[in-house]
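Engineer: Residue numbers 311 to 504, in the working numbering, belong to the letters of the sequence shown in order. Glycine included, every Cβ here is placed at the ideal spot set by N, Cα and C. None of these values were measured; they are calculated from a predicted model. Take this structure, written in C-alpha cells, and hold onto it; I'll ask about it next.
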Amino acid sequence: METVKKLLKQKSKYLEVVMHPDERLSQKSKEVTEITDELKEFIINKMFPTMYKNNGGGFAAVQVGVHLKFFIIDASDKKIDENIKFNTKEEKRKARSNKRVFINPVITKKSKQQSWLNEGCLSFGKERTCIVRADKIKVEFTNLNGKKETIGTSGYLSQCIQHELDHLNGITLLNYKDKWNETDLINNKLIKAV
311 METVKKLLKQ
321 KSKYLEVVMH
331 PDERLSQKSK
341 EVTEITDELK
351 EFIINKMFPT
361 MYKNNGGGFA
371 AVQVGVHLKF
381 FIIDASDKKI
391 DENIKFNTKE
401 EKRKARSNKR
411 VFINPVITKK
421 SKQQSWLNEG
431 CLSFGKERTC
441 IVRADKIKVE
451 FTNLNGKKET
461 IGTSGYLSQC
471 IQHELDHLNG
481 ITLLNYKDKW
491 NETDLINNKL
501 IKAV
C-alpha cells in the first residue's frame with residue numbers, strides 16, 4: 311500500500327506504465343487486505359485516466375508497479391450509434407462506459423470451448439499476439455465498495471478479465487510464446503501492430 315500512497319502524491323494524473331522487459335511484470339501480486347480511501351482514490355483518479363490515455367480496455371495494478379491483486383476494465387460498447395453527436399471525445403467515452411474494478415479476483419469456472427484471440431498489452435507497446443482463451447468464464451471478486459460479486463461473462467469482457475488476471479499472476483504475453491509452434495512464429499503470431 312506504500313507504493314499506492316507514493317504514486318498518489320505525484321502531481322500528474324497519469325502514471326508511468328511499466329514496460330516489458332521490466333522484471334516487475336513477472337512478479338506475482340499479493341491479496342488486497344483492505345480497501346482504503348487511498349486505494350479508491352488511486353484507482354479512480356490515477357488508474358482509469360492512465361488506461362484511457364493509453365487507449366486500454368483493461369489495466370492491472372502491476373502495470374504501474376503496484377503488486378496488489380486488482381485490475382480495472384472498461385469493456386465499453388464500441389458500437390455507439392453514429393448519428394448521436396457528442397461535443398467531446400470524453401462525452402462519447404462516458405456515454406459508452408462500462409467501468410469495473412476487480413479486487414482479489416478468482417476465475418471459478420471456465421468453459422471447455424476456447425478461441426484464438428488477438429491481444430495487445432499496454433506494457434508491450436504495439437506488439438500483439440494470438441492467445442487461446444476460454445470463451446466463457448465465471449469470476450468472483452470484490453468491487454470497489456467492498457462487496458463480493460460473481461459474474462459470468464463471455465466475449466470481450468471475458469478476454470479482458472483473463473488477460474488482466476494473468477498480470478496479477480506474473481504472466482505476460484511472452485509466457486504464451488512456449489505454446490506457439492514454429493509455424494505460428496513464421497506466420498507472425500507475434501506481430502507489430504500497423
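Pick from N355, Y486, R334, A444: whose alpha carbon is nearest that of Q469?
Structural biologist: The shortest C-alpha separation from Q469 is found at A444.
Engineer: Who are the near neighbours of L335 in its chain, counting only those whose CB is closer than 8 Å to its CB and skipping five residues on each side?
Structural biologist: If we look at L335 and ignore the five residues flanking it on each side, its Cβ neighbours are V328, V372, Q373, S433, H477, G480, T482.
Engineer: Determine whether the beta carbon atoms of H377 and K409 lie at a separation below 8 Å.
Structural biologist: Going by C-beta atoms, H377 is not nearer than 8 Å to K409.
Engineer: CA-CA distance, V342 and K319?
Structural biologist: Their backbone Cα atoms lie some 20 Å apart in a straight line.
Engineer: Over what stretch of residues does the beta strand (DSSP E) that includes P415 continue unbroken?
Structural biologist: From DSSP, the beta strand (DSSP E) with P415 extends over 409 to 420.
Engineer: Consult DSSP for G465 and reduce its assignment to one of helix, strand or coil.
Structural biologist: Helix.
Engineer: Anyone know if the C-beta pair for F369 and F381 falls short of 8 Å?
Structural biologist: Yes; because the gap between Cβ atoms is below 8 Å, this pair is in contact.
Engineer: If you follow the beta strand (DSSP E) that F358 is in, where does it begin and where does it stop?
Structural biologist: Unbroken run through F358 is the alpha helix (DSSP H), 358 to 363; no beta strand (DSSP E).
Engineer: Is the Cβ-Cβ distance between I417 and T452 less than 8 Å?
Structural biologist: No, these two residues do not count as a Cβ contact at 8 Å.
Engineer: Is the separation between the beta-carbon of K356 and that of K316 shorter than 8 Å?
Structural biologist: No, the pair does not count as a contact, with Cβ atoms beyond the cut-off.
Engineer: Go ahead and label E344 buried or exposed: buried means 16 or more other beta carbons lie within 10 angstroms of its beta carbon, across all protein chains shown.
Structural biologist: Answer is exposed; the Cβ neighbour count stays below 16.
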